[in-house]
Amino acid sequence: MGRPLKTGLLYRPCVRYLTGVASVIIQLHG
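Under my numbering, the first residue of the sequence shown carries the number -8, and numbering increases by one thereafter.
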């Protein structure tokens, strides 16, 4: 890897995506 900047740029959108998916699953299961 060796590119912390690139992983930093990918980290935030990934977390935002995962939290969005989690919220959708919670809403579906109620």
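The beta carbon of each residue, even a glycine, is placed where N, CA and C say it ideally should be.
Through-space distance from residue j to residue i, alpha-carbon basis
i: Arg3; j: Gly11; result: 12 Å
i: Thr(-2); j: His20; result: 32 Å
i: Leu9; j: Leu0; result: 15 Å
i: Ile17; j: Arg(-6); result: 34 Å
i: Leu(-4); j: Val15; result: 30 Å
i: Ala13; j: Cys5; result: 12 Å
Run of the alpha helix (DSSP H) containing residue i, from where it starts to where it stops
i: Gly11; result: Pro(-5) to His20
heavy atom of the ligand SAH below 6 Å from residue i C-beta
i: Gly11; result: Ligands displayed in this structure: none; no statement on the ligand SAH is therefore possible.
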